[in-house]
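Chains A and B, in that order, give the protein sequences.
Remember, my numbering sits 188 above the position in the first sequence when you count from 1.
Remember, my numbering sits 188 above the position in the second sequence when you count from 1.
Beta carbons: idealized from backbone N, C-alpha and C, even for Gly.
As structure tokens, the structure follows; a few thoughts come after it.
2 protein chains.
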Amino acid sequence: MYRQVKTTPRKRPRQTRSKETVESILGATARILVKHGFDGLTTNAVADQAGVSIGSLYQYFPNKQALVAALIERRLDDKNARTHAALAEVASAPFPVAVRTMIRLTIENYAAAPELSRVLIEQVPRVGRMARIAELHQGTLKLVAAVLQARKQELAVRDPDMAAFVLVASIEAIAQRAALFQPQRLSDPALIEETCTMVTRYLGVSDG
Amino acid sequence: MYRQVKTTPRKRPRQTRSKETVESILGATARILVKHGFDGLTTNAVADQAGVSIGSLYQYFPNKQALVAALIERRLDDKNARTHAALAEVASAPFPVAVRTMIRLTIENYAAAPELSRVLIEQVPRVGRMARIAELHQGTLKLVAAVLQARKQELAVRDPDMAAFVLVASIEAIAQRAALFQPQRLSDPALIEETCTMVTRYLGVSDG
DNA sequence: TGGCAATGTGAGTAATCGCTCGCATTCTAG
DNA sequence: CTAGAATGCGAGCGATTACTCACATTGCCA
Numbered sequence: 189m190y191r192q193v194k195t196t197p198r199k200r201p202r203q204t205r206s207k208e209t210v211e212s213i214l215g216a217t218a219r220i221l222v223k224h225g226f227d228g229l230t231t232n233a234v235a236d237q238a239g240v241s242i243g244s245l246y247q248y249f250p251n252k253q254a255l256v257a258a259l260i261e262r263r264l265d266d267k268n269a270r271t272h273a274a275l276a277e278v279a280s281a282p283f284p285v286a287v288r289t290m291i292r293l294t295i296e297n298y299a300a301a302p303e304l305s306r307v308l309i310e311q312v313p314r315v316g317r318m319a320r321i322a323e324l325h326q327g328t329l330k331l332v333a334a335v336l337q338a339r340k341q342e343l344a345v346r347d348p349d350m351a352a353f354v355l356v357a358s359i360e361a362i363a364q365r366a367a368l369f370q371p372q373r374l375s376d377p378a379l380i381e382e383t384c385t386m387v388t389r390y391l392g393v394s395d396g
Numbered sequence: 189m190y191r192q193v194k195t196t197p198r199k200r201p202r203q204t205r206s207k208e209t210v211e212s213i214l215g216a217t218a219r220i221l222v223k224h225g226f227d228g229l230t231t232n233a234v235a236d237q238a239g240v241s242i243g244s245l246y247q248y249f250p251n252k253q254a255l256v257a258a259l260i261e262r263r264l265d266d267k268n269a270r271t272h273a274a275l276a277e278v279a280s281a282p283f284p285v286a287v288r289t290m291i292r293l294t295i296e297n298y299a300a301a302p303e304l305s306r307v308l309i310e311q312v313p314r315v316g317r318m319a320r321i322a323e324l325h326q327g328t329l330k331l332v333a334a335v336l337q338a339r340k341q342e343l344a345v346r347d348p349d350m351a352a353f354v355l356v357a358s359i360e361a362i363a364q365r366a367a368l369f370q371p372q373r374l375s376d377p378a379l380i381e382e383t384c385t386m387v388t389r390y391l392g393v394s395d396g
């Protein structure tokens, strides 16, 4: 689709002040991206918002795309860490508890910054990271499938891989759509309840 | 987020040749948008691809955004017509049949042009139509909720509105993710089977 | 056939914006 | 304290692209 651009940093910040500069730049990038999209994300606007000079910006980021790539990387790392921690936490919990926890955490994750999530995903065809996303996503599916496989005796599941795919897609979509389009549902306990109901009934476990 | 741009046509094609011109322009727009994204969608590139002059393009479209807006409109109209036809078709069918039909049609819809679907949705913050999308989406939710409400006696559903939200989000996400990320699943009968299983178990009806 | 409406053309303009580079300032270690 | 590394600055350049406008061609109807 797109020719890939280099997003490797030119220089890495060593001093405190330069680390703060980079943080300011990335913070400004996120704010502008959410508010104005990629079109409104001019490097001069970022530098202005961050309170640094345009030359400083280019010290640490080789081009505009690299700004966005850095945000994407951070977000993927964060999400990956959270997912693994959550899965580790519920690995041996009873299914109803595990299901509820995963759903709750997924909703919380999207509720935190729905617009930023959305707009960053949209930049992927432009700045890269599709392979990383696919890899992390596959990783999550494998973990979920492994959990389903290990406890297949207690579940009404035919194919753990397919079940993992269907469930992950559904839970993520419910969380994302609520966050983006129906934020009032985020504070309605029924959102988690109904999502749990759907999952537990599908798995054939009673809704603890 | 964005300042809205005018996307009203400057002139409407009357003769066959001008209608063909407009079709060529929109066809080229779709192809370039899918292949290169909005960045690569220059009006000169569209005119080249369509085999028309840049001046002709501006005869019918006041600006670049209007090209994309026209594609979005078409897609929304198409999807809306399909959804309503499908819902009318299954309104009185037994639930297992109705569920299977809706899932199959949703998957087929996304399977037809997954990349174009994705990239058009992403242009909405840029060219408008969010209100229209929300309206159509609400319409679909209301229709589904009405069906669930009308047959609540036979379903294990607590709140038809919430159930409609959860189901529509899930089915659409499964279809979209399969189409975009795991196209091999599109030809696997288990995809429809498992999705049907999830829905019918959630609704508390037997999986005809 | 002729006149007017419909349609098509594309060179060129003005604005925007990504990015550079020469210079200035601050920090750190010997 | 000094020298060199680290960091910051911003005017300005060159490339790109959305769009115009004066002119040309085709279609249709009386």
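Nearest-angstrom Cα separation, counted from residue j out to residue i
| i | j | result |
| --- | --- | --- |
| Asp227 of chain B | Gln370 of chain A | 30 Å |
| Lys199 of chain B | Ser206 of chain B | 10 Å |
| Ala333 of chain B | Leu245 of chain B | 43 Å |
| Met290 of chain B | Ala300 of chain A | 32 Å |
| Leu379 of chain A | Gln372 of chain A | 10 Å |
| Lys340 of chain B | Val210 of chain B | 48 Å |
| Thr357 of chain A | Gln337 of chain B | In the sequence as presented, Thr is not what sits at residue 357 of chain A; that position holds Ala. Computed Cα separation, rounded: 26 Å. |
| Pro348 of chain A | Ile362 of chain B | 15 Å |
| Gln237 of chain A | Arg263 of chain A | 21 Å |
| Val234 of chain B | Gly215 of chain B | 9 Å |
| His275 of chain A | Thr294 of chain A | The identity of residue 275 of chain A in the sequence shown is Leu, whereas the question assumes His. Each residue's alpha carbon lies about 11 Å from the other. |
| Ser305 of chain B | Ile213 of chain A | 33 Å |
| Ser280 of chain B | Val335 of chain B | 9 Å |
| Gln364 of chain B | Glu303 of chain B | 10 Å |
| Gly239 of chain B | Leu308 of chain A | 35 Å |
| Ala218 of chain B | Val278 of chain A | 45 Å |
| Glu208 of chain B | Thr195 of chain B | 20 Å |
| Ala269 of chain A | Glu323 of chain A | 14 Å |
| Met189 of chain A | Met386 of chain B | Residue confidence is low: Met189 of chain A scores 43 on pLDDT, short of 50, so the model does not pin down where it sits. Its coordinate-derived value is still stated next. So the alpha carbons of these two residues sit roughly 35 Å apart. |
| Tyr298 of chain A | Ile242 of chain B | 43 Å |
| Glu381 of chain A | Arg292 of chain A | 10 Å |
Interface flag, residue i vs chain A, CB-CB below 8 Å
| i | result |
| --- | --- |
| Glu296 of chain B | no |
| Gly316 of chain B | no |
| Glu360 of chain B | yes |
| Arg389 of chain B | yes |
| Ala140 of chain B | What is shown of chain B runs 189 to 396, which leaves residue 140 of chain B out entirely. |
| Ala378 of chain B | yes |
| Ala382 of chain B | The identity of residue 382 of chain B in the sequence shown is Glu, whereas the question assumes Ala. At least one chain A Cβ lies under 8 Å of Glu382 of chain B. |
| Ala319 of chain B | no |
| Thr204 of chain B | no |
| Thr231 of chain B | no |
| Glu342 of chain B | no |
| Ala301 of chain B | no |
| Ala333 of chain B | no |
| Ala357 of chain B | yes |
| Phe249 of chain B | no |
| Asp236 of chain B | no |
Minimum Cβ-Cβ distance from residue i to chain B less than 8 Å
| i | result |
| --- | --- |
| Met290 of chain A | no |
| Glu261 of chain A | no |
| Pro313 of chain A | yes |
| Phe283 of chain A | no |
| Ala254 of chain A | no |
| Gly225 of chain A | yes |
| Arg365 of chain A | yes |
| Ala322 of chain A | yes |
| Thr385 of chain A | yes |
Environment of residue i [buried if 16+ CB atoms lie within 10 Å]
| i | result |
| --- | --- |
| Pro377 of chain A | exposed |
| Thr204 of chain A | exposed |
| Ile260 of chain A | buried |
| Ser375 of chain B | exposed |
| Met318 of chain A | exposed |
| Ser394 of chain B | exposed |
| Pro282 of chain B | exposed |
| Arg389 of chain A | buried |
| Gly392 of chain A | exposed |
| Arg346 of chain A | exposed |
| Arg459 of chain A | Since the displayed chain A opens at 189 and closes at 396, residue 459 of chain A lies outside it and no answer follows. |
| Glu310 of chain B | buried |
Any non-hydrogen atom of the ligand HEM within 7 Å of residue i CB
| i | result |
| --- | --- |
| Ile362 of chain B | For the structure depicted, the ligand HEM is absent and the ligand set is empty, with no information on it obtainable. |
Do three or more CB pairs link the stretch 349-362 of chain B to the stretch 325-339 of chain B at distances below 8 Å?
yes
*Determine, using beta-carbon pairs with one atom in the stretch 280-298 of chain A and one in the stretch 230-248 of chain A, whether at least three such pairs fall under 8 Å.*
no
Checklist entry - Using 8 Å as the threshold, is the stretch 255-270 of chain B in touch with the stretch 215-235 of chain B, meaning 3 or more CB pairs across them? => result With three or more CB-CB distances shorter than 8 Å, the stretch 255-270 of chain B counts as touching the stretch 215-235 of chain B.
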